[in-house]
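Heads up: the sequence lines are chains A and B, in that order.
Under our numbering, the first residue of the first sequence is numbered 392, with each subsequent residue one higher.
Under our numbering, the first residue of the second sequence is numbered 1262, with each subsequent residue one higher.
Glycine residues also receive a C-beta, built at the ideal position from the N, C-alpha and C atoms.
Bear in mind the structure is a predicted one, so any value in this text is a computation, not a measurement.
A short worksheet on the structure shown next.
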Amino acid sequence: MKERRLNLPFDEDTARSLKAGDPVLLTGTLYTGRDAAHKRLIALIDAGQPLPIDLTNQTLYYVGPAPASPGHAVGSAGPTTSYRMDAYTPQLLALGLRGMIGKGLRSQPVIDAMKQYGAVYFGAVGGAAALIARSIQSSRVVAYPDLGAEAIHEFVIKDFPVTVIIDAHGNNLYETGPKQYRKDMP
Amino acid sequence: MKEIAASALTQTIKDMFLELSYVGGKDLMCALDNARTQEESPLGQLVIDQLMTNYQIAAKERVAICQDTGMSVVFAEVGQEVHITEGSFEEAIQQGVREAYTEGYLRKSIVRDPLFDRVNTGDNTPCVIHTRIVPGDTLKLTALAKGFGSENMSALKMLVPADGIEGVKRFVLQTVEAAGPNPCPPIIVGIGIGGTFEQCALLAKACTALPLDQKNPDERYGALENELLERINALGIGPAGMGGRITALRVHIRQAATHIAGLPVAVNICCHAARHATRTL
């Protein structure tokens, strides 16, 4: 399949032009964050405090990488399951978060907020962690170093392979894809 | 009486966790190869291609197949003629896990308390250890690294005898369908049927460490494994949940005697990266 290329960060118009089911190669910079980092970001928002990173037009990758072995920028770094971030996500989308990379189902409030603000949910292949790590050229911690693998990192990526799972119009490949291949059995 | 030094046990456990974290089994590579030829969805084919490339990279560079290097589980069958010398049996296993995860660039994913004190233990211990004492003078170890993307999608239900075979099928299919893309399909489904609450879960867990080409020796259960695999794949979830013919690579069932009032069923879902190793000392 022919992949579309997309540079990060990207704006709302670009987000709205992506379609569920499109394979995409991402190049540019993104931030990592998972359960513990999300919890801290939301605590800051609730307290009316500034965030350690500006999320406008940025992409968050739900990942907790393995430690880097010598000669590698990062260790294996595949996606973690996204639904654990659902409770926090609408507030981040309201701040301009444009893209999310993870794997697995999202809640309706997340999908509604994606449509409202114009954001995209990309799926990376769970378990393709060593392959994905090859597309990560550098990594640095930008917030919460005490969280270790769960700290917010900035990754510089090149041709990071993803597929648009849920687009900014609410189309969901996790619904349309399986429907196409479902066979009814007696 | 056979003596096994605790240090030898530690070294074996360490070697096993390093190997299983970096290298996918031959049976798994074979199953993925077959899946690639059967998959009709272009996106599904792309996913399987990425997985196969990933296994090649991980094995060649000796890096983790998946960043979630799992919670460590060891099944030990200890011959009653075996004597562990120069240390504690369980501590020797914990030390092997500790050394593998801290020296092998594997992610440390264990918090010391589930609710009040979720602080990383820093070395992936404690490992979950299941020990059985058996006749003989050998020590058989099966090590598993269980990722939690799929562990979180697992379920156990105390069915009643009236639910029967149809009830079992319904519960398995409901569990897999609800899991959808979350457990990193193509998955391996371990099913324990019978026993008590905890024995049923243990059977399901042990299923996830069986060779993929091994069938249930009871042909009735073997047929049920095949039927469930067909029904799971008919759900259309597909590789990475993006739609396709291959949702599961294998269904394993292990059964045990149970109570007149009960029909426990446990479904332990394992991602395609079913990382396990078995060695005998």
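So what does DSSP say about residue i, is it helix, strand or coil?
{"i": "ILE1454 (chain B)", "result": "strand"}
{"i": "ALA1462 (chain B)", "result": "helix"}
{"i": "ARG1540 (chain B)", "result": "strand"}
{"i": "MET491 (chain A)", "result": "strand"}
{"i": "MET1313 (chain B)", "result": "helix"}
{"i": "CYS1291 (chain B)", "result": "helix"}
{"i": "TYR452 (chain A)", "result": "strand"}
{"i": "SER530 (chain A)", "result": "strand"}
{"i": "VAL1380 (chain B)", "result": "coil"}
{"i": "PHE546 (chain A)", "result": "strand"}
{"i": "GLY1502 (chain B)", "result": "helix"}
{"i": "CYS1388 (chain B)", "result": "coil"}
{"i": "GLU1342 (chain B)", "result": "coil"}
{"i": "GLY514 (chain A)", "result": "strand"}
{"i": "GLN1306 (chain B)", "result": "helix"}
{"i": "GLU1352 (chain B)", "result": "helix"}
{"i": "VAL1395 (chain B)", "result": "strand"}
{"i": "CYS1531 (chain B)", "result": "strand"}
{"i": "PHE1278 (chain B)", "result": "helix"}
{"i": "ALA1517 (chain B)", "result": "strand"}
{"i": "PHE401 (chain A)", "result": "coil"}
{"i": "ARG395 (chain A)", "result": "strand"}
{"i": "LYS430 (chain A)", "result": "helix"}
{"i": "ILE523 (chain A)", "result": "helix"}
Residue i: buried (16+ other C-beta within 10 angstroms of its C-beta) or exposed?
{"i": "LEU1376 (chain B)", "result": "exposed"}
{"i": "GLN449 (chain A)", "result": "buried"}
{"i": "GLY1483 (chain B)", "result": "exposed"}
{"i": "THR447 (chain A)", "result": "exposed"}
{"i": "LEU435 (chain A)", "result": "exposed"}
{"i": "MET392 (chain A)", "result": "exposed"}
{"i": "SER1349 (chain B)", "result": "exposed"}
{"i": "THR1298 (chain B)", "result": "exposed"}
{"i": "ARG1481 (chain B)", "result": "exposed"}
{"i": "MET1277 (chain B)", "result": "buried"}
{"i": "GLN1311 (chain B)", "result": "buried"}
{"i": "LYS1263 (chain B)", "result": "exposed"}
{"i": "PHE1336 (chain B)", "result": "buried"}
{"i": "PHE513 (chain A)", "result": "buried"}
{"i": "GLY439 (chain A)", "result": "exposed"}
{"i": "VAL533 (chain A)", "result": "exposed"}
{"i": "MET505 (chain A)", "result": "buried"}
{"i": "THR1541 (chain B)", "result": "exposed"}
{"i": "PRO1500 (chain B)", "result": "buried"}
{"i": "HIS1533 (chain B)", "result": "buried"}
{"i": "GLU1300 (chain B)", "result": "buried"}
Just checking my contact of residue i with residue j at CB under 8 angstroms: how many whole Å lie between their CB atoms?
{"i": "PHE546 (chain A)", "j": "GLY490 (chain A)", "result": "Not really, about 13 angstroms apart at Cβ, beyond 8 angstroms."}
{"i": "THR1392 (chain B)", "j": "GLN1355 (chain B)", "result": "Incorrect: roughly 13 angstroms between the Cβ atoms, too far for contact."}
{"i": "LYS494 (chain A)", "j": "SER473 (chain A)", "result": "6 angstroms"}
{"i": "ARG425 (chain A)", "j": "THR471 (chain A)", "result": "6 angstroms"}
{"i": "GLU541 (chain A)", "j": "ALA428 (chain A)", "result": "6 angstroms"}
{"i": "ALA515 (chain A)", "j": "ILE543 (chain A)", "result": "Between ILE543 (chain A) and ALA515 (chain A) the Cβ distance is about 18 angstroms, and since that is not below 8 angstroms, they are no contact."}
{"i": "GLY1410 (chain B)", "j": "CYS1388 (chain B)", "result": "Actually they do not touch by this definition, with Cβ atoms about 19 angstroms apart."}
{"i": "ILE1498 (chain B)", "j": "GLY1441 (chain B)", "result": "6 angstroms"}
{"i": "LYS1275 (chain B)", "j": "GLU1338 (chain B)", "result": "Between GLU1338 (chain B) and LYS1275 (chain B) the Cβ distance is about 19 angstroms, and since that is not below 8 angstroms, they are no contact."}
{"i": "THR480 (chain A)", "j": "VAL465 (chain A)", "result": "Not quite, the Cβ-Cβ distance comes to about 24 angstroms (not below 8 angstroms), so this is no contact."}
{"i": "VAL1528 (chain B)", "j": "THR1436 (chain B)", "result": "5 angstroms"}
{"i": "ALA1267 (chain B)", "j": "ALA1353 (chain B)", "result": "4 angstroms"}
Closest by CA to residue i, which one among the options?
{"i": "ALA1292 (chain B)", "options": "B:ILE1448, B:ARG1540, B:HIS1520, B:HIS1537", "result": "B:ILE1448"}
{"i": "GLY1357 (chain B)", "options": "B:ALA1404, B:THR1314, B:LYS1287", "result": "B:ALA1404"}
{"i": "TYR422 (chain A)", "options": "A:ARG431, A:ILE548, A:LEU435, A:PRO414", "result": "A:ILE548"}
{"i": "PHE551 (chain A)", "options": "A:GLU403, A:MET392, A:VAL415", "result": "A:VAL415"}
{"i": "ARG1431 (chain B)", "options": "B:VAL1526, B:VAL1343, B:THR1346", "result": "B:VAL1526"}
{"i": "VAL1372 (chain B)", "options": "B:TYR1366, B:ASN1381, B:GLU1364, B:GLY1523", "result": "B:ASN1381"}
{"i": "ALA519 (chain A)", "options": "B:GLU1280, B:ILE1318, B:VAL1335", "result": "B:ILE1318"}
{"i": "ALA1416 (chain B)", "options": "B:ILE1265, B:GLY1408, B:ILE1530, B:LEU1289", "result": "B:ILE1530"}
{"i": "LEU496 (chain A)", "options": "B:VAL1433, B:GLY1502, B:GLY1383", "result": "B:GLY1502"}
{"i": "ASN1315 (chain B)", "options": "B:LEU1289, B:PRO1478, B:LEU1542", "result": "B:LEU1289"}
{"i": "GLN499 (chain A)", "options": "A:LEU488, A:LEU486, A:GLY487, A:MET476", "result": "A:MET476"}
{"i": "LEU483 (chain A)", "options": "A:VAL511, A:ARG573, A:VAL465", "result": "A:VAL511"}
{"i": "ALA1522 (chain B)", "options": "B:GLY1425, B:THR1273, B:GLU1338", "result": "B:GLY1425"}
{"i": "HIS1344 (chain B)", "options": "B:THR1519, B:ILE1265, B:HIS1520", "result": "B:ILE1265"}
{"i": "GLU1280 (chain B)", "options": "B:ASN1295, B:ALA1406, B:ALA1353, B:GLU1412", "result": "B:ALA1406"}
{"i": "ARG1536 (chain B)", "options": "B:LYS1466, B:LEU1490, B:LEU1496", "result": "B:LYS1466"}
{"i": "LEU442 (chain A)", "options": "A:MET576, A:GLN571, A:LEU486", "result": "A:LEU486"}
I want to verify the contact list: residues of chain C whose CB lies under 7 angstroms from the CB of residue i, in sequence order.
{"i": "GLN528 (chain A)", "result": "In the structure shown, chain C does not exist; the protein chains are A and B."}
Touching or not, the segment 451-459 of chain A and the segment 1322-1339 of chain B, by the rule of three or more beta carbon pairs under 8 angstroms?
yes
Three CB pairs or more closer than 8 angstroms across the segment 549-565 of chain A and the segment 405-416 of chain A
yes
Below 8 angstroms, can you find three or more Cβ-Cβ pairs linking the segment 1449-1456 of chain B to the segment 517-529 of chain A?
no
For the 8 angstroms Cβ check, are there 3 or more pairs between the segment 1407-1423 of chain B and the segment 1496-1513 of chain B?
no
Do three or more CB pairs link the segment 1510-1518 of chain B to the segment 1460-1478 of chain B at distances below 8 angstroms?
yes
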